[in-house]
Amino acid sequence: MLSIDEDTALSAVAAAPGPSMAEPSLLEESTFSRLGTASNLNADLSQLRRLSMSPPSFKELHRWGAPGLLDVMIHRLSHIPDELPLEDVSPAEEPLISELRKRLLAALKYSSPPAGWRSQHFTRRRLLAYIRSRNGDLDKALERAVECVQYLDGAVELARKYEAAPANFRKLADTHTHGGQYGRDKRGASVGYMQFTKNDHPGLANQTSFDFFVAFHWYETIFFWDTLNTESKAVAKALNGRLLVVDVSGISLGKIKSAMSLGQKQQAQWPSKEHPMPEGYNRTIVCNVPWVAAQFWGTAKRFFPKRDTDRVRLFTTGESAAFQKELLKWVEIDQVPPEFGGTSTEPWAYGDASYCPSLHWKDNPLDELTESKLKRASIRATEVAERSVSKTKEVASAAGHK
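Residue numbers (the numbering used here): 1 to 402.
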């Protein structure tokens with residue numbers, strides 16, 4: 001089922017109608033085949049810019065939702081080249097990878113790594129992910145690997161349900177999802193961005209079904225790992241995860257509760273209630289965090305593994321400059337979406353085109369570089385005026401009580 005002819009599949013996907021672009025011929029069969037097999041990702045982006053075209057969005061570039069794409073992604077994930085050097089493996093982890101592979105082969109009764117979909121579990125990067133997810137404990141890493149192998153055997157069929165779903169369901173998934181991969185960090189990996197308050201997966205599950213939401217999640221997950229593999233080939237290094245940037249402006253208790261309820265229902269299906277493809281994100285930056293939530297995190301993080309909490313940085317609504325400084329340690333300004341204070345011209349392909357107003361206040365050191373300065377200045381003036389009116393009412397009310 002998973003052994004398909006790559007050239008045939010790539011040709012079919014490239015020829016199939018995908019998301020609209022200014023010049024579809026640039027993503028004809030030969031171009032898409034190169035993206036899938038030769039990793040000329042940066043070269044194709046350069047070609048688009050040389051022709052004075054708007055660059056494609058991440059989803060357009062990688063043909064999100066194109067008929068037959070799932071089979072192509074499955075094929076590529078079933079044939080991951082394992083010779084690429086691991087990005088940040090330590091000398092102490094190298095022997096653990098070899099030992100875990102040996103133990104996993106024995107546990108699954110293989111004499112050598114299998115071909116096909118299960119082969120990905122025996123790649124050095126995936127084995128390292130299992131080891132890190134259990135803090136270097138090989139016994140626990142083996143237990144984790146076995147349960148993930150068995151669970152992921154069914155993930156492909158779940159993703160197929162998304163591909164076969166009605167078009168209006170898939171459209172709802174697009175409009176309810178305000179986040180995804182975008183641009184490149186300094187390592188060459190795309191970055192995950194999310195506008196948490198606008199992201200409405202609970203609403204998506206309610207308007208469609210929980211089963212469809214699960215199918216969408218698995219299509220999205222396979223897309224996530226397939227594109228990371230493409231980026232790894234482009235930089236000749238097995239990239240260990242991506243950076244995640246989350247804006248939580250306007251967050252409410254109701255929003256948190258609905259997201260947690262859906263998340264817990266989803267986690268209940270996973271082995272050990274953990275995502276079976278671990279270490280997808282290696283660092284998380286959260287901006288516009290309410291002060292109370294930041295204080296709560298300062299206490300709560302003591303109950304989580306230090307390796308995990310060390311990878312999370314929180315910035316309150318008054319720390320936009322510090323947030324931008326941290327973000328620019330990992331990503332160049334021209335690779336950051338305007339929605340998060342950057343100058344990239346890559347289209348934002350998630351939800352709508354709104355952005356985070358509090359990131360564009362006058363104290364933002366990047367404000368002079370952004371293209372929508374007048375619009376943001378107008379919004380800032382409105383916000384300042386609203387606060388001024390509120391303050392005036394407070395003063396008047398206080399005077400009236402004297």
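From the three backbone atoms N, C-alpha and C, an ideal C-beta is built for every residue, glycine too. All of these numbers come straight from a predicted model, not from anything done at the bench.
- Exclusion of the five residues before and after Ala205 leaves Phe212, Phe213, Leu262 as the residues of its chain whose Cβ lies within less than 8 Å of its Cβ.
- Out of Leu108, Gly298, Glu83, the CA that lies nearest to the CA of Lys233 is found in Glu83.
- A direct Cα-to-Cα measurement between Ser133 and His79 gives close to 24 Å.
- Relative to Arg101, the option among Ala129, Glu87, His201 whose CA is nearest is Ala129.
- Contiguous alpha helix (DSSP H) elements confined to the region 119-169 occur at 124-133, 138-152, 155-163, taking only those with 4 or more residues.
- Under a 10 Å Cβ-count criterion, Lys198 is classified as buried, with 16 or more other Cβ atoms of the shown protein chains found around its own Cβ.
- Taking all protein chains shown into account, Met73 has 16 or more neighbouring C-beta atoms within 10 Å of its C-beta and is therefore buried.
- Going by DSSP, Arg76 is part of the alpha helix (DSSP H) stretching over 69-77.
- Under DSSP, Gly254 shares a beta bridge with no residue.
- For Arg313, no alpha helix (DSSP H) encloses it; the enclosing beta strand (DSSP E) starts and ends at 312-316.
- Under the criterion of beta carbons closer than 8 Å, Val156 and Val331 do not qualify as touching, at roughly 32 Å.
- Cα atoms of Ser57 and Ser111: separation of roughly 43 Å, rounded to the nearest angstrom.
- For Ala238, the three-state secondary structure derived from DSSP is strand.
- Here Arg76 is near Asn229, since their CB atoms are less than 8 Å apart.
- Look at Gln269 here: in three-state DSSP terms it is coil, with no helix or strand label.
- DSSP, reduced to helix, strand and coil, places Tyr350 outside both helices and strands of the structure shown, so it counts as coil.
- Distance check between Lys161 and each of Ala268, Ser209, Glu99 places Ser209 closest, using alpha-carbon atoms only.
- The beta-carbon separation of Leu172 and Leu138, rounded to 43 Å, does not stay under the 8 Å limit for a contact.
- Annotation: the continuous beta strand (DSSP E) that includes Gly179 extends over 179-182.
- For Asp88, the three-state secondary structure derived from DSSP is coil.
- For the alpha helix (DSSP H) assignment, the uninterrupted runs of no fewer than 4 residues enclosed by the region 176-226 are, from N- to C-terminal side, 201-207.
- In the three-state reduction of the DSSP assignment, Val292 falls in the helix class, which pools H, G and I.
- Selection Trp348, Gly342, Arg103, Tyr281 evaluated against Ser320 yields Gly342 as nearest (Cα-Cα).
- Ranking Leu328, Ile256, Phe223, Met194 by CA distance to the CA of Ala66 puts Phe223 first.
- Within the model, the alpha-carbon separation for Gly180 versus Ala164 is close to 22 Å.
- For Glu60, the uninterrupted alpha helix (DSSP H) segment begins and ends at 58-61.
- Counted as a single uninterrupted DSSP element, the alpha helix (DSSP H) harbouring Glu326 occupies residues 320-330.
- Sequence-distant partners of Ile251 (beyond 5 residues in either direction) whose C-beta falls short of 7 Å from its own C-beta, in its chain, are Phe196, Thr197, Pro290.
- For Arg307, DSSP records no beta bridge to any residue.
- Nearest Cα to Leu239 within the set Val286, Lys186, Gln269: Lys186.
- With a beta-carbon spacing of about 6 Å, Pro55 and Thr345 fall inside the 8 Å limit used to define contacts.
- By the CB criterion at 8 Å, Leu314 and Val292 fall outside the cutoff.
- If you look at Ile97, you'll find it in the alpha helix (DSSP H) that goes 94-107.
- When the Cα atoms are used, Pro202 and Trp225 turn out to be separated by approximately 24 Å.
- Using a Cβ distance threshold of 8 Å, Glu279 and Gly241 count as a contacting pair.
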